[in-house]
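Here the structure comes first, spelled out in structure tokens, and everything after it is commentary.
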Amino acid sequence: MLVVLAIVLGLVVLVLLYGVVTYNRLVRLRVRAENAWSQIDVQLRRRYDLIPNLVQSVKGYAEHERELFEEVAQLRTQAQSASGVQAQAQAENQLTQGINRLIAVAERYPDLKASQNFLALQEELTGTESKIAYARQFYNDTVQALNTLIQSFPSRIVANLAGFTPREFFEIEEPARGPVSVQF
Amino acid sequence: MYEQIARNKRKTIFIILGTLIFVGALGYLFGLLLNVGIAGLIIALLIAAAMSFYSYRYGDRLVLRAARARPVTHEEEPRLHNIVEGLALAAGLPKPAIYVVPEKAPNAFATGRDPEHSSIAVTQGLLDTMNRVELEGVIGHEMSHIRDRDMLLGTIVATLVGSVVLIAEFMLRWFWWGGGGMFGGRGRDREGGEGFAILAVVGLLLAILAPIIAQVIKLAVSRRREYLADAEGAMLTRYPPGLAGALRKIATDATPMRVANNATAHLWLNQPSRIHGEQNHWFENLFSTHPPIQDRIRILEEM
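Chain order of the listed sequences is H and G. Residue numbers for the first sequence, in my numbering: 99 to 282. Residue numbers for the second sequence, in my numbering: 282 to 584.
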């Protein structure tokens with residue numbers, strides 16, 4: 099009788115211990131995912147800040163591209179006001195395309211392309227874009243670990259009881275790799 | 282990539298365990314010979330730990346100064362800063378301090394006791410010769426050293442090696458001064474007789490060989506960590522050809538490094554100041570801090 103009681107008690111303790119450890123892991127991953135998301139946010143904002151400068155410097159050479167300038171400005175506002183992971187990703191993708199078109203326009207003006215100011219701006223843009231990609235990578239890796247834990251057995255029991263829900267991945271287009279594309 | 286990372290980690294653990302057993306056995310033998318029990322081992326470990334802790338805590342500043350590294354601002358080196366910041370984001374670590382070493386040879390190293398106090402230094406030559414993806418590959422490698430706390434691991438290994446050297450030194454001295462007495466018949470506890478003599482001979486041999494063995498082990502750990510940092514760096518950038526390209530450029534670059542010395546050789550991305558190009562002989566490999574660069578390139582290309 100005593101032995102059975104001891105075994106049952108031991109099992110209960112083990113289950114509780116598992117619950118505590120799993121709960122802590124879930125919390126840790128959720129906090130990490132939130133931090134990772136705010137890191138993405140920082141870099142996205144940095145890019146919003148760079149866009150007016152880019153528009154300004156291209157404007158000086160290509161006055162007639164007014165439509166493109168307005169479109170980029172609009173895409174930027176759209177991205178800034180987007181809410182939700184998926185909507186944000188979509189808006190950012192469109193904004194990236196707009197920026198690429200701006201740069202393609204700039205490419206047509208050798209003076210602009212060679213100017214110190216523009217080169218520095220381009221480096222900041224490239225750098226920020228790759229930072230967005232890296233922050234996204236870390237965010238998605240974290241989300242994957244979190245979601246796996248939430249969905250697989252037996253950790254899903256703990257996750258359900260504590261009210262953890264899977265997070266969305268942040269899917270944006272990767273900036274192309276390789277030396278050719280980096281030069282724009 | 283994942284399995285490579287796992288294999289490299291496993292091998293490091295094996296090597297460390299092997300070293301621990303080696304240190305333990307040596308300390309035990311030392312205790313038997315000198316009749317002091319385990320105290321000798323503990324004293325040697327404590328001394329070695331104190332020395333290593335100091336280098337762990339303050340080593341980064343010494344190393345940076347020895348390399349004549351200079352901190353650079355974002356305005357001076359925007360590309361480098363952006364890349365380091367990007368890979369810190371990828372690894373989920375705070376951004377390390379960034380230094381440039383005024384050297385023509387392309388190379389880089391990371392130092393600092395933990396990710397919160399880390400620094401990455403690259404040579405001017407690296408900045409001049411590498412394109413963006415290659416530089417990302419190099420920084421990814423260094424970032425992996427920081428994330429894996431290889432500086433801490435290096436400290437642990439140095440402590441173990443240091444204690445082996447200390448014990449061996451003690452033993453040699455003892456053979457020189459006191460041990461002679463034992464063979465001459467003035468020894469206090471000669472109950473072992475012949476057995477004790479054999480033990481003494483083994484001890485003498487070990488005292489001579491142990492420091493060399495310890496060095497070889499230390500270098501094996503160092504090489505293992507380089508492979509690991511290569512694999513993890515490729516994981517961070519998700520682009521193995523970047524680092525492979527950088528290593529290929531480094532392999533063909535013959536510029537010697539002025540600041541290179543034995544004390545810091547293990548820190549760099551690739552062993553500085555190779556005298557005659559390639560090193561593939563197993564004996565040379567045994568005593569180098571880094572794996573052969575061609576092997577590293579091959580492994581990266583297979584990923």
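Cβ atoms here follow ideal geometry from the backbone N, Cα and C, with glycine treated the same way.
Beta carbon proximity, residue i to chain H, threshold 8 angstroms
i, result
"Arg360 of chain G", "yes"
"Ala510 of chain G", "no"
"Ala478 of chain G", "no"
"Gln560 of chain G", "In this prediction, Gln560 of chain G scores a pLDDT of 46, lower than 50, which makes its location untrustworthy; the coordinate-derived value is nonetheless stated afterwards. So no, Gln560 of chain G is outside the interface."
"Gly367 of chain G", "yes"
"Arg519 of chain G", "yes"
Residues near residue i by beta carbon distance below 6 angstroms, same chain, minus five either side
i, result
"Pro352 of chain G", "Tyr380"
"Ile556 of chain G", "Any reading at Ile556 of chain G needs caution, since the residue's pLDDT is 45, under 50, leaving its predicted position unreliable; the model's value is listed next. Closer than 6 angstroms at the Cβ level, and outside the excluded window around Ile556 of chain G, lies no residue."
"Ala488 of chain G", "Ala449, Met452, Leu453"
"Ala180 of chain H", "Gln186, Ala189"
"Thr436 of chain G", "Ser333, Tyr337"
"Glu163 of chain H", "Val203"
"Leu485 of chain G", "Phe456"
"Val442 of chain G", "Ala495, Lys499"
"Ala535 of chain G", "none"
"Thr440 of chain G", "Ala329, Ala330, Ser333"
Cross-chain neighbours of residue i in chain H, by beta carbon under 7 angstroms
i, result
"Ala525 of chain G", "By Cβ distance, chain H contributes nothing, its closest Cβ being about 13 angstroms from Ala525 of chain G, past 7 angstroms."
Within chain H, partners of residue i - CB distance below 9 angstroms
i, result
"Asn363 of chain G", "Glu221, Glu222, Thr224, Gly225, Thr226, Ser228, Lys229"
For residue i, the three-state DSSP class (helix, strand or coil)
i, result
"Ser569 of chain G", "coil"
"Gln206 of chain H", "Sequence check: residue 206 of chain H is Arg here, not Gln. In the structure shown, Arg206 of chain H sits in coil (DSSP, three-state: anything other than H, G, I, E or B)."
"Val156 of chain H", "helix"
"Leu107 of chain H", "helix"
"Pro277 of chain H", "Below a pLDDT of 50, predicted positions are generally treated as unreliable, and Pro277 of chain H, at 40, falls in that range; the measurement from the model is reported next regardless. Reduced to three states, the DSSP call for Pro277 of chain H is helix."
"Arg351 of chain G", "strand"
"Thr263 of chain H", "coil"
"Phe251 of chain H", "coil"
"Phe268 of chain H", "coil"
"Gly558 of chain G", "Reliability of the predicted coordinates at Gly558 of chain G is poor, the pLDDT of 44 falling under 50, and the value obtained from them is presented with this limitation in mind. Coil, per DSSP."
"Tyr380 of chain G", "strand"
"Thr536 of chain G", "coil"
"Ser503 of chain G", "helix"
"Ser400 of chain G", "strand"
"Ala306 of chain G", "helix"
"Ala391 of chain G", "strand"
Within 8 angstroms, strictly: CB atoms of residue i and residue j
i, j, result
"Ala204 of chain H", "Val170 of chain H", "no"
"Ser399 of chain G", "Ala389 of chain G", "no"
"Ala348 of chain G", "Met424 of chain G", "no"
"Val438 of chain G", "Pro492 of chain G", "no"
"Ala527 of chain G", "Met452 of chain G", "no"
"Leu210 of chain H", "Leu166 of chain H", "no"
"Leu322 of chain G", "Gly299 of chain G", "no"
"Glu417 of chain G", "Thr518 of chain G", "yes"
"Leu434 of chain G", "Arg342 of chain G", "no"
"Leu524 of chain G", "Gly421 of chain G", "yes"
"Gly413 of chain G", "Arg346 of chain G", "Checking the sequence, you will find Arg at residue 413 of chain G rather than Gly. No; because the gap between Cβ atoms is not below 8 angstroms, this pair is not in contact."
"Val497 of chain G", "Thr293 of chain G", "no"
"Ala242 of chain G", "Ala350 of chain G", "Residue 242 of chain G lies beyond the stretch modelled for chain G, which goes from 282 to 584, so this question has no answer here."
"Val183 of chain H", "Glu266 of chain H", "yes"
"Pro375 of chain G", "Val365 of chain G", "no"
"Tyr232 of chain H", "Leu326 of chain G", "no"
"Val344 of chain G", "Leu548 of chain G", "yes"
8 angstroms Cβ cutoff, residue i in contact with chain G
i, result
"Ala134 of chain H", "yes"
"Ala131 of chain H", "no"
"Ala233 of chain H", "yes"
Distance cut-off 7 angstroms: residue i Cβ against heavy atoms of the ligand MN
i, result
"Leu315 of chain G", "The ligand MN is not part of the structure shown, which contains no ligands of any sort."
Residues of its chain near residue i, where Cβ-Cβ distance is below 8 angstroms and the 5 sequence neighbours each way are ignored
i, result
"Tyr146 of chain H", "Arg174, Ala177, Gln178"
"Leu124 of chain H", "Leu244, Leu247, Ile248, Ser253, Val256, Ala257, Ala260, Phe262"
"Val483 of chain G", "Leu310"
Residues that residue i contacts on chain G, provided the C-beta gap is smaller than 8 angstroms
i, result
"Tyr121 of chain H", "Those do not exist, as Tyr121 of chain H stays about 22 angstroms from chain G at its closest Cβ, beyond 8 angstroms."
"Tyr159 of chain H", "Per Cβ cutoff of 8 angstroms: no residues; Tyr159 of chain H is ~23 angstroms from chain G at best."
"Gln137 of chain H", "Leu370"
Proximal residues of chain G, C-beta to C-beta of residue i below 7 angstroms
i, result
"Ala218 of chain H", "Pro359"
"Phe236 of chain H", "Leu370, Ala371, Gly373"
Neighbourhood of residue i by C-beta, 7 angstroms cutoff - its chain only, sequence neighbours within 5 removed
i, result
"Ala218 of chain H", "none"
"Tyr237 of chain H", "Ala131, Ala134, Trp135, Ile138, Phe268"
"Glu606 of chain G", "It is not possible to answer for residue 606 of chain G, since the shown part of chain G is limited to 282 through 584."
"Gly196 of chain H", "Glu169, Val170, Leu173"
Chain B within 8 angstroms of residue i, Cβ atoms only
i, result
"Ala260 of chain H", "In the structure shown, chain B cannot be found, because the protein chains are H and G."
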